[in-house]
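**Student:** Start counting at 1 in the sequence shown, then tack on 6, and there's your number in the working numbering. We put the CB at the ideal spot given by N, CA and C, even for glycine. Quick caveat: nothing in here was measured; it's all calculated off a predicted structure.
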Amino acid sequence: MDRKSDIKRLLVYLALAFGLTWIIFFAYILSGHVWAADGEISGIDQFVSLGMLCPALAMLLTRYVTGEGFAVTSKDSLLLGISFKDRKWMYFAIAMFLPWIYIELGNALMLLISSNAFDPHNPELLGLTDNERAIVYMQPIAAIVSGAMASFAAFGEEAGWRGYMMPKMIKLWGVGKAVVIGGIIWGIWHWPLTYVGHNFGMEYFGYPFTGFATMCVLCIFMGIILTYVTCKSGSIWPAAILHAINNASPSVLQYFINHDKVSGWRSDSVVSFLISILPMVVIAVYILIKWLKAIRTA
Numbered sequence: 007m008d009r010k011s012d013i014k015r016l017l018v019y020l021a022l023a024f025g026l027t028w029i030i031f032f033a034y035i036l037s038g039h040v041w042a043a044d045g046e047i048s049g050i051d052q053f054v055s056l057g058m059l060c061p062a063l064a065m066l067l068t069r070y071v072t073g074e075g076f077a078v079t080s081k082d083s084l085l086l087g088i089s090f091k092d093r094k095w096m097y098f099a100i101a102m103f104l105p106w107i108y109i110e111l112g113n114a115l116m117l118l119i120s121s122n123a124f125d126p127h128n129p130e131l132l133g134l135t136d137n138e139r140a141i142v143y144m145q146p147i148a149a150i151v152s153g154a155m156a157s158f159a160a161f162g163e164e165a166g167w168r169g170y171m172m173p174k175m176i177k178l179w180g181v182g183k184a185v186v187i188g189g190i191i192w193g194i195w196h197w198p199l200t201y202v203g204h205n206f207g208m209e210y211f212g213y214p215f216t217g218f219a220t221m222c223v224l225c226i227f228m229g230i231i232l233t234y235v236t237c238k239s240g241s242i243w244p245a246a247i248l249h250a251i252n253n254a255s256p257s258v259l260q261y262f263i264n265h266d267k268v269s270g271w272r273s274d275s276v277v278s279f280l281i282s283i284l285p286m287v288v289i290a291v292y293i294l295i296k297w298l299k300a301i302r303t304a
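1. Going by beta carbon distance, what residues of the same chain come within less than 8 Å of I35, once the five residues before and after it are set aside?
2. I'd like the list of long-range same chain contacts for P244, defined as Cβ closer than 6 Å, with 5 residues on each side in sequence excluded.
3. Just tell me which of A254, F32, F53 and L86 has its CA closest to the CA of Q145.
4. Along the chain, where does the alpha helix (DSSP H) that runs through P105 open and close?
5. May I ask which residues mark the beginning and end of the alpha helix (DSSP H) holding W195?
6. Look at the alpha carbon of I293 and the alpha carbon of S37, and state the distance between them as a whole number of angstroms.
7. Any idea if F76 is buried or exposed, counting beta-carbon neighbours within 10 angstroms, 16 or more meaning buried?
8. For F124, which three-state DSSP category applies?
9. With distances taken between CB atoms, is the gap from H249 to L224 smaller than 8 Å?
10. With DSSP run on the structure shown, which of helix, strand or coil describes I251?
11. Please work out which residues of its chain come closer than 6 Å, Cβ to Cβ, to P214, disregarding the five sequence neighbours upstream and downstream, and give them in chain order.
12. Kindly list the residues whose CB is nearer than 6 Å to the CB of K238, restricted to its own chain and excluding five residues on each side of it in sequence; keep chain order.
13. Would A33 and C60 be called neighbours here (beta carbons separated by less than 8 Å)?
14. Identify every run of the beta strand (DSSP E) within the segment 51-94, keeping only runs that are complete inside it and at least 3 residues long; order them along the chain.
15. Here's a check: name, in chain order, each residue in its chain whose Cβ is nearer than 8 Å to the Cβ of K183, leaving out the five neighbours to either side.
16. Which of the three DSSP states, helix, strand or coil, is assigned to I242?
17. Who pairs with I263 in a beta bridge, going by DSSP?
18. Take N275 and list the residues in its own chain whose beta-carbon comes closer than 6 Å to its own, dropping the five residues that flank it on each side.
19. With distances taken between CB atoms, is the gap from V185 to I230 smaller than 8 Å?
20. Roughly how many angstroms separate the alpha carbons of S80 and Y143, rounded to a whole number?
21. Taking only three categories from DSSP, how would you classify E209?
22. Count Cβ pairs between the segment 115-129 and the segment 166-174 that sit closer than 8 Å; are there 3 or more?
23. With DSSP collapsed to three states, give me the class of M228.
24. Select from M286, V54 and W297 the residue whose C-alpha is nearest the C-alpha of W106.
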């Protein structure tokens, strides 16, 4: 009976999460908008970003219509509690610093592969005073602080995906299958925005299908890390913090990469993205192997 209830609740949640979000995404697409190639966010882009709150709304609606309730902590809860006991503080520390590590390593790998892209006079730095340039080196700290303090949109996703979907999937299929299936679902959820240029633009090889596949790859491996810190801490907050800091791009090296100097196959936006996330993929695989081993020996 519990398994049937979990499957029912999971399906209701997914229908609501996709339905609510894709209404916003497709309204954006059908109105003729594309994601700005120059990275500038317009008012309509900010509006469509409200879709990131829909997974949390879908979770609340699912709990209401299925009678699951709204317990704040403990089993099948909202996972809103915060505890630093039993070394759980480590997962908050991981959430704050791990994105900096893997993003910086990813940019270093990009420079290693395309050394000519290193540009201390990158156009992004031109026009800055010496004092303003010094602030560039504070970017990781600024991203960590702002991400930890203002994880509003990230919480909207994590309260649904890691706080509701993943616990259900882990109960049904175990950690190994759940992180793969859940990552693919999370990746597909992003597809409408990927189609209009979010993350990769629209000029890459195999558009839009290679972009769709790359989003699933990203979401599987990032989802491993997010699910791990959620399960180990018993709280959704480390995942929300990690997600927000990741999105804030806590990297110094990013300011010294001139993408106009990257040529050939490495200049493809999807290829360069996959190169940049390789350190994160390695870390996620390591975490999953250790996690599964601990489960088997428990």
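**Tutor:** This is what the structure holds:
1. P198, Y201 and V202
2. Y97, F98, A101 and V235.
3. For Q145, the nearest C-alpha among the options comes from A254.
4. W95 to I119
5. M172 to W195
6. 42 Å
7. The residue is exposed, with fewer than 16 neighbouring Cβ atoms inside 10 Å.
8. strand
9. No; because the gap between Cβ atoms is not below 8 Å, this pair is not in contact.
10. helix
11. Y201
12. Y97
13. Cβ distance not < 8 Å, so A33 and C60 don't count as in contact.
14. none
15. Result list for K183: M175, in chain order.
16. coil
17. Partner(s): F124.
18. A quick correction: the sequence has Ser, not Asn, at residue 275. Hits under 6 Å: F206, G207 and Y210.
19. yes
20. 41 Å
21. coil
22. no
23. helix
24. M286
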